[in-house]
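Only one structure is covered here, and it is reproduced in the block below.
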Amino acid sequence: MDGQGPLVSLVVPVFNECGSVGPFVAAVNAAIAGSWSGAEMPPRFEIVFVDDGSSDGTRETVRAMCRTDLRIKLVSLSRNFGKEAALSAGLKAASGDAVIPMDVDLQDPPELLRPMIEQWRAGAQVVNAKRADRSADTLFKRSSSRFFYKTINSLAEYPIANDVGDFRLFDRVAVDALNRMTEHSRFNKGLFSWIGFRTETIEYTRPSRSVGDTKWNVSKLLALALDGIVASTTFPLRIWTALGALISLSAFFYAAFLIIHTLAYGVDTPGYASLMVAVLFLGGLNLLSLGLMGEYIGRISKQVRGRPLYIVSDTEGF
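Sequential numbering of the sequence shown, starting at 5, is according to our numbering.
Encoded structure:
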């Protein structure tokens, strides 16, 4: 590194966050100045903003910052592709020896940059930032998050870290591994767990959002959860295989019982109610299993089309 400190890239996806980028950059600059003032070979920083199709002037605001601060860079996507794609674009564009994805709303405290980088310099290849206290989140967000982690970790082959979001540090070797992933239906938390590497964890208290408004709603969270389950495991398909085998076996024994009963006692008048219950129950199971298979097949269809995960319209500062 020619006598210089390592380069650390902060990757920041933004969507309609015009009023948030200024306070974020100011907070990062303050944290850097307070943490490494006078230090020998302090890390160098770049901030890679990824504009995910904003319509409120976010792109223009960041572009103006790029012209006054050479550490700030901008990747503009051609439309809104979603946070998972935007984060992937940022990881691809980042050139740092270490890369740290961050949210622009300051719920990922810049003050944690120093302890994360110290863990990395001590030999960790991935440093997770775990939310030890989520009291600042709403009750719905805390309970839904707890349910999501329990569900996906009970199904996934490679469990994801509880209460760890995208805020974590990756060594360059880990970033290169992530950039080689070709999944179209992207669930980054699952990929972060899948790549492995030597991992350390630091805990912090997650503050409430100080600027801007969240862009997540219930439907987007449900879609992300479904993507996470489908991308992380095929266990749901195995459940339906086992359930189908169990129902078929039960039907075989019930058919044998009916044959023996008919031979011994003659034909009974069939019960309409029990027949309808059986038909509706099995019909519902069939529709549910078809829907589940459709989710997997739909994602396979997206993958085989070979379309890019995102399209970059222009860049600034590179």
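Glycine included, each C-beta is placed from N, C-alpha and C at the ideal position.
Range covered by the beta strand (DSSP E) that runs through residue i
| i | result |
| --- | --- |
| A102 | A102 to P105 |
| L95 | Not the beta strand (DSSP E): L95 falls in the alpha helix (DSSP H), residues K87 to A97. |
| V108 | Per DSSP, V108 belongs to no beta strand (DSSP E) and is neither H nor E. |
| N20 | Unbroken run through N20: none, as it is neither H nor E. |
| R118 | Element bounds for R118: not the beta strand (DSSP E) but the alpha helix (DSSP H), L117 to R125. |
| Y208 | T203 to T209 |
| I51 | R48 to D55 |
| E187 | No beta strand (DSSP E) holds E187; DSSP gives it neither H nor E. |
| L81 | I76 to L81 |
| N132 | V130 to D137 |
| D318 | V316 to E320 |
Nearest residue (CA-CA) to residue i, options the options
| i | options | result |
| --- | --- | --- |
| N166 | V15, L95 and E207 | E207 |
| I304 | S189, E204 and A89 | S189 |
| L4 | F196, T155 and W124 | Nothing about residue 4 can be reported from this structure: the residues present for the chain run from 5 to 322 only. |
| T319 | S39, T72, L81 and I199 | L81 |
| F285 | L247, F191, G298 and R202 | L247 |
| L110 | A249, N33 and L296 | N33 |
| V283 | G298, I251 and P312 | I251 |
| G332 | V108, D56, D60 and K87 | In the structure displayed, the chain extends from 5 to 322; residue 332 sits before or after that span and is not available. |
| P312 | A128, E187 and E299 | E187 |
| L294 | I199, R150, A178 and T245 | T245 |
| E50 | R150, W40 and D73 | D73 |
| F201 | W124, R150 and E115 | W124 |
| I76 | D60, F28 and L159 | F28 |
For residue j and residue i, the rounded distance between their alpha carbons
| i | j | result |
| --- | --- | --- |
| V16 | K306 | 26 Å |
| C22 | G288 | 47 Å |
| S147 | Y153 | 10 Å |
| D175 | M69 | 27 Å |
| V132 | N20 | Looking at the sequence itself, residue 132 is Asn, so the reference to Val does not match. In a straight line, the C-alpha of N132 is about 27 Å away from that of N20. |
| G321 | S99 | 12 Å |
| A37 | T209 | 22 Å |
| L14 | A35 | 13 Å |
| N117 | V130 | In the sequence as displayed, the identity of residue 117 is Leu instead of Asn. Distance between the alpha carbons of L117 and V130 is about 13 Å. |
| L296 | A268 | 43 Å |
| L173 | M185 | 18 Å |
| P345 | P211 | This structure gives no information on residue 345, because the portion of the chain shown stretches from 5 to 322. |
| G310 | D101 | 30 Å |
| D2 | D137 | One cannot answer for residue 2 here, as it falls past the ends of the chain, which runs 5 to 322. |
| G169 | G302 | 26 Å |
| F261 | N290 | 25 Å |
| L62 | P10 | One detail in the question is off: residue 62 reads as Thr in this sequence, not Leu. Approximately 29 Å between the Cα atoms of the pair. |
| F257 | A249 | 12 Å |
| F191 | R71 | 33 Å |
| W198 | Y300 | 19 Å |
| V52 | T205 | 24 Å |
| L253 | I243 | 15 Å |
| A128 | R135 | 19 Å |
| L143 | I264 | 57 Å |
Same chain, Cβ closer than 6 Å to residue i, neighbours up to 5 away in sequence not counted
| i | result |
| --- | --- |
| Y314 | L81, F85, A89 and A93 |
| K193 | I164 |
| S58 | F19 and N20 |
| V54 | P17, V79, A90, A93 and G94 |
| T203 | V130 |
| K87 | P17 |
| S39 | R118 |
| V177 | none |
Terminal residues of the alpha helix (DSSP H) in which residue i lies
| i | result |
| --- | --- |
| G194 | N192 to I199 |
| E64 | T62 to T72 |
| P27 | V25 to W40 |
| A178 | R176 to N183 |
Beta-carbon proximity list for residue i, same chain, < 8 Å, skipping 5 on both sides
| i | result |
| --- | --- |
| V316 | V79, S80, L81, S82 and A93 |
| P8 | What sits at residue 8 in the sequence shown is Gln, not Pro. So the list reads M45 and R48, once near-sequence residues are dropped. |
| I104 | V12, S13, L14, V15, L117, M120, F171, R172, L173 and F174 |
| V308 | none |
| V66 | V18, V25, F53, D55, I76, L78 and E320 |
Other residues of its chain near residue i: CB distance less than 7 Å, five sequence neighbours each side excluded
| i | result |
| --- | --- |
| M5 | With a pLDDT of 46 at M5, under the threshold of 50, the modelled position of this residue cannot be trusted, and the question is left open. |
| E115 | A35 |
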